[in-house]
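Visitor: I'd like to ask some things about the structure below.
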């Protein structure tokens, strides 16, 4: 599973 | 951005505004757990430090500022302005039993061992249990004002909608954050008991009262 940890969520 | 995330954010914003208005209009914080509100202020403070380091969008920045501002305003109203109406005798949940394990877990299980990332992880874990003092207070008093149940419903629905947002983003964007998802599932499960009471009682016009 492609895990991306961008913080664009509130 | 997708419909589930937008609906979730708006539900969260509605909850925060409902609570602030309830306390301000009735000039009373009866039935509200000040401890939960302090935990939420801590959640927003530790999660939104990136306000100082990165700009994502006007929407993102605006919402973060509103969340933090309302959280601290609510804590101020409870512990300062309407302190006389604060139900300290029933708001007795031991929050150190939440903050300490959550703090330890944030150090052990995170995506990256950097200060900002550990604080973000701490805030994600803390948010999933931050409502417990409030649910505990309601179980002790055995009842809740109807406006308070609407606040709790919106608050519970927001993270449930985020679960759908994460399904959507995994399917369409390959975005996937295990920490946020697991904490979000735990958080939503904690509301299930309340959701049942809300749907079977409050939506039928009855007052929410627990079997004493």
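Residue numbers (this note's numbering), protein chains in the order written: chain A, 27 to 36; chain B, 58 to 269.
The C-beta atom is built at its ideal place from N, Cα and C for all residues, glycine as well.
Here the structure is a predicted model, which means the values were calculated and not measured.
(1) Short check: CB of residue 91 of chain B to CB of residue 129 of chain B, under 9 Å?
(2) Which class does residue 78 of chain B belong to by DSSP, given the choice of helix, strand or coil?
(3) Please report the residue range of the alpha helix (DSSP H) in which residue 217 of chain B lies.
(4) I need the boundaries of the alpha helix (DSSP H) containing residue 196 of chain B, first residue and last residue.
(5) Where DSSP assigns a beta bridge to residue 114 of chain B, which residues make up the other side?
(6) Can you tell me where the alpha helix (DSSP H) with residue 246 of chain B in it begins and where it stops?
(7) Taking the C-alpha atoms as reference points, what is the distance between residue 104 of chain B and residue 173 of chain B?
(8) Quick check on residue 177 of chain B - is its C-beta less than 9 Å from some C-beta in chain A?
(9) Strictly by DSSP, which residues pair up with residue 266 of chain B?
(10) Give me, in chain order, the residues of the same chain whose beta-carbon lies closer than 7 Å to that of residue 163 of chain B; leave out the 5 immediate sequence neighbours on both sides.
(11) Nearest chain A C-beta to residue 171 of chain B closer than 9 Å, yes or no?
(12) Hey, would you say residue 93 of chain B sits closer than 9 Å to residue 188 of chain B, going by beta carbons?
(13) Is there a Cβ of chain A sitting closer than 9 Å to that of residue 237 of chain B, yes or no?
(14) I'd like the list of long-range same chain contacts for residue 200 of chain B, defined as Cβ closer than 6 Å, with 5 residues on each side in sequence excluded.
(15) For residue 209 of chain B versus residue 242 of chain B, is the C-beta distance shorter than 9 Å?
(16) Identify the contact partners of residue 181 of chain B in chain A, using a Cβ-Cβ distance below 9 Å as the criterion.
(17) Quick one: measure Cβ to Cβ for residue 134 of chain B and residue 211 of chain B, integer angstroms, because I've assumed they're closer than 8 Å.
(18) So the alpha helix (DSSP H) residue 103 of chain B belongs to, where does it begin and stop?
(19) Which residue from B/226, B/230, B/232, B/247 puts its Cα closest to that of residue 214 of chain B?
(20) Contact defined as beta carbons within less than 8 Å: I believe residue 159 of chain B pairs with residue 190 of chain B. What is the distance between those atoms, to the nearest angstrom?
(21) Go ahead and pull the three-state DSSP assignment for residue 58 of chain B.
Guide: This is what the structure gives:
(1) no
(2) Helix, per DSSP.
(3) Unbroken alpha helix (DSSP H) run through residue 217 of chain B: 203-230.
(4) 189-198
(5) Note: residue 114 of chain B sits in no beta bridge, so no partner.
(6) 235-257
(7) 8 Å
(8) yes
(9) B/200
(10) 175, 178, 179, 182
(11) no
(12) Between residue 93 of chain B and residue 188 of chain B, the gap from beta carbon to beta carbon is short of 9 Å.
(13) yes
(14) 266
(15) no
(16) Here the premise fails: no neighbours, minimum Cβ distance about 10 Å.
(17) The beta-carbon distance between residue 134 of chain B and residue 211 of chain B, rounded to whole angstroms, is 18 Å. This is too long to meet the 8 Å contact definition.
(18) 91-104
(19) B/247
(20) Between residue 190 of chain B and residue 159 of chain B the Cβ distance is about 13 Å, and since that is not below 8 Å, they are no contact.
(21) Reduced to three states, the DSSP call for residue 58 of chain B is coil.
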